[in-house]
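Trainee: Take any residue in the sequence shown, count from 1 to its spot, add 537: that is its number in this note's numbering. Built from N, CA and C at the ideal position, the CB exists for glycine as well. Take this structure first; my questions come after.
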Amino acid sequence: MDNLDSFWMPFTPNRAFKAKPKLLAAASGMYYTSHDNRQILDATSGLWCVNAGHGRRQITEAIQKQAAVMDFAPTFNMGHPLAFAFTEKLAGFMPFDLRRIFLTNSGSEAADTALKIALSYQRMRGQGAKTRLIGRERAYHGVGFGGISVGGIVRNRMTFGTLLTGVDHLPHTHGVPGNLFSKGEPEHGGTDLADALERIVALHDASTIAAVIVEPVAGSTGVLVPPKGYLQRLRAICDKHDILLIFDEVITGFGRLGAAFGADYFGVRPDMICMAKGITNAAVPMGAVAVSNRIYDTFMQASETPIELFHGYTYSGHPLACAAGIATLGIYEDEGLFARAASLAGYWQEAVHSLRDARHVVDIRNLGLVGGIELEPRAGAATARALEVFDRCYDKGLLIRVTGDIIALSPPLIVEKAEIDTMVATIREALQETV
Ligand SMILES: Cc1ncc(COP(=O)(O)O)c(C=O)c1O
538 MDNLDSFWMP FTPNRAFKAK PKLLAAASGM YYTSHDNRQI LDATSGLWCV NAGHGRRQIT
598 EAIQKQAAVM DFAPTFNMGH PLAFAFTEKL AGFMPFDLRR IFLTNSGSEA ADTALKIALS
658 YQRMRGQGAK TRLIGRERAY HGVGFGGISV GGIVRNRMTF GTLLTGVDHL PHTHGVPGNL
718 FSKGEPEHGG TDLADALERI VALHDASTIA AVIVEPVAGS TGVLVPPKGY LQRLRAICDK
778 HDILLIFDEV ITGFGRLGAA FGADYFGVRP DMICMAKGIT NAAVPMGAVA VSNRIYDTFM
838 QASETPIELF HGYTYSGHPL ACAAGIATLG IYEDEGLFAR AASLAGYWQE AVHSLRDARH
898 VVDIRNLGLV GGIELEPRAG AATARALEVF DRCYDKGLLI RVTGDIIALS PPLIVEKAEI
958 DTMVATIREA LQETV
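In structure tokens, the structure reads:
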């Protein structure tokens with residue numbers, strides 16, 4: 538590879554990367570093959586997305602077959618059978634009555650779509666003053682203007698102007714005393730943290746608030762598992778004040794927690810679920826928003842214009858993505874991968890927490906097949922230590938993800954116990970060698 542100049546890489550220190558590139562050339566099962574022909578064990582499912590493991594034959598064949606039959610069909614005023622077949626199958630995976638599905642191409646588009654549906658829904662039902670959107674500190678909802686507005690990552694927001702107005706943020710759920718090294722859901726703080734929503738309601742009045750959006754487990758900012766009772770309490774407060782609750786399950790969806798969705802795992806009913814990533818096992822980009830029958834029916838009954846929602850993407854329901862999606866959902870079903878994740882969660886928990894005494898480790902958290910290992914930042918050089926651990930792991934044949942000074946792990950749901958052991962041993966070694 539001679540010239541790396543043209544590709545402006547996303548969320549990447551381009552100058553550093555291009556000075557020392559890490560290129561992946563092939564992928565199969567739990568492994569990538571690097572450009573220098575090394576096997577790299579994937580502890581991050583690519584980017585939290587290849588839940589069924591890499592290079593699944595059923596998926597690639599479905600894509601190939603569909604590409605030969607029909608490359609593209611519009612879904613504005615037209616349709617094609619696969620989009621309906623796929624959404625019908627996906628609806629069967631959805632919890633509660635979230636059976637109406639809007640298709641997008643990414644998680645960012647799913648988050649923005651859900652926010653727009655929320656605003657439009659409130660207006661459609663005669664509550665047009667409900668325009669305020671409530672996000673959370675340390676939230677990641679992708680990179681659209683809606684997503685970064687309700688999101689809570691300062692670097693993703695600070696250089697992009699004023700963003701959406703009429704947005705407020707709940708406090709994040711991290712750092713409650715007594716919750717360090719929690720196994721699974723932390724014990725402390727759930728009710729108090731959720732009650733912050735009552736304060737926001739008291740400040741703005743419920744009549745101005747359309748929706749609350751949260752990730753059931755915040756992934757991108759370092760695996761922040763909600764304390765016990767937190768999501769249940771958010772739901773109760775939203776019900777009390779007639780506010781929609783949106784779960785952004787771009788990471789927690791499709792078995793990551795050992796259930797189809799976080800909503801299933803926590804037994805909490807959101808009004809909408811955003812998803813992407815594992816929806817097609819990442820083989821073709823796709824995202825989606827599932828909404829309750831109540832929301833969909835309101836649009837169908839109350840719309841005064843023939844088009845009920847003025848929103849959509851050229852590639853909503855792209856035939857190749859739908860083909861990939863149907864094949865992916867088939868694999869999840871046939872191989873019982875969500876139950877498999879649940880059955881491995883205990884082993885995973887003990888393995889990840891065995892790093893408690895490893896060098897630099899100040900906290901560890903886990904749920905399902907997700908793990909977060911927080912490191913003490915190097916004095917005056919935040920993130921440098923984690924980046925060094927990332928590099929060392931990569932050189933040793935392990936792909937991890939780091940965010941800030943946190944290692945975030947999310948292996949494909951096909952992972953074997955021996956591979957979990959390798960991941961943990963490699964990380965321990967890398968931590969030991971890192972200053
Ligand atoms: C919770 C959540 N929402 C939205 C997104 C954005 O998805 P995409 O990168 O596909 O736009 C992500 C990506 O990691 C995510 O974790």
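Enumerated in chain order, which unbroken segments of the alpha helix (DSSP H) with a length of 4 residues or greater are wholly contained in the stretch 818-898?
Mentor: 830-839, 856-871 and 874-890
Trainee: Any contact of the stretch 904-914 with the stretch 940-951, i.e. 3+ C-beta pairs under 8 Å?
Mentor: By the Cβ rule, the stretch 904-914 counts as touching the stretch 940-951, because three or more pairs are nearer than 8 Å.
Trainee: Pull up the CB-CB distance for Cys-859 and Ala-620, whole angstroms please, since I reckon it's below 8 Å.
Mentor: Rounded, the Cβ-Cβ distance is 5 Å, consistent with contact.
Trainee: Only counting the same chain, and skipping five residues up and downstream in sequence, which positions put a Cβ closer than 7 Å to that of Leu-857?
Mentor: Ile-600, Gln-603, Ala-604 and Val-821
Trainee: Got a sec? Which residues, its chain only, sit under 6 Å from Lys-555 by beta carbon, not counting five neighbours each side?
Mentor: Leu-541
Trainee: Excluding the five sequence neighbours on either side, which residues of its own chain have a C-beta within less than 7 Å of the C-beta of Arg-575, listed in chain order?
Mentor: Gly-934
Trainee: Of the choices Met-567, Glu-598 and Gly-684, whose alpha-carbon is the least far from that of Gly-583?
Mentor: Met-567
Trainee: Quick one: measure Cβ to Cβ for Glu-947 and Leu-906, integer angstroms, because I've assumed they're closer than 8 Å.
Mentor: First, the residue type needs correcting, since residue 947 is Ser and not Glu in the sequence shown. 6 Å between Cβ atoms; contact.
Trainee: Could you say which of Gly-721, Asp-649 and Phe-633 lies nearest to Gly-766 if we only look at CA atoms?
Mentor: Gly-721
Trainee: Could you tell me which residues DSSP puts in a beta bridge with Cys-586?
Mentor: For Cys-586, which the question treats as bridged, DSSP gives no partner whatsoever.
Trainee: Just checking my contact of Ser-645 with Gly-689 at CB under 8 Å: how many whole Å lie between their CB atoms?
Mentor: Contact doesn't hold; Cβ gap of about 15 Å is too wide.
Trainee: Going by beta carbon distance, what residues of the same chain come within less than 7 Å of Met-837, once the five residues before and after it are set aside?
Mentor: Glu-845
Trainee: Name the DSSP beta bridge partners of Thr-696, please?
Mentor: For Thr-696, which the question treats as bridged, DSSP gives no partner whatsoever.
Trainee: For a test of your reading of the model: does the CB of Leu-1035 fall under 8 Å from any non-hydrogen atom of ligand 1? Yes or no.
Mentor: As shown, the chain starts at 538 and ends at 972. That puts residue 1035 outside it, with no answer to give.
Trainee: Just to confirm my understanding: we take Arg-929, look at its own chain, exclude 5 residues before and 5 after, and list those with CB closer than 7 Å. What are they?
Mentor: Ala-967, Glu-970 and Thr-971
Trainee: How many angstroms separate the CA atom of Gly-908 from the CA atom of Met-607?
Mentor: Going from the Cα of Gly-908 to the Cα of Met-607 covers about 41 Å.
Trainee: How about Val-826 and Thr-789: are their beta carbons less than 9 Å apart?
Mentor: no
Trainee: For the beta strand (DSSP E) containing Gly-684, list its first residue and its last residue.
Mentor: Per DSSP, Gly-684 belongs to no beta strand (DSSP E); it is in the alpha helix (DSSP H), 682-687.
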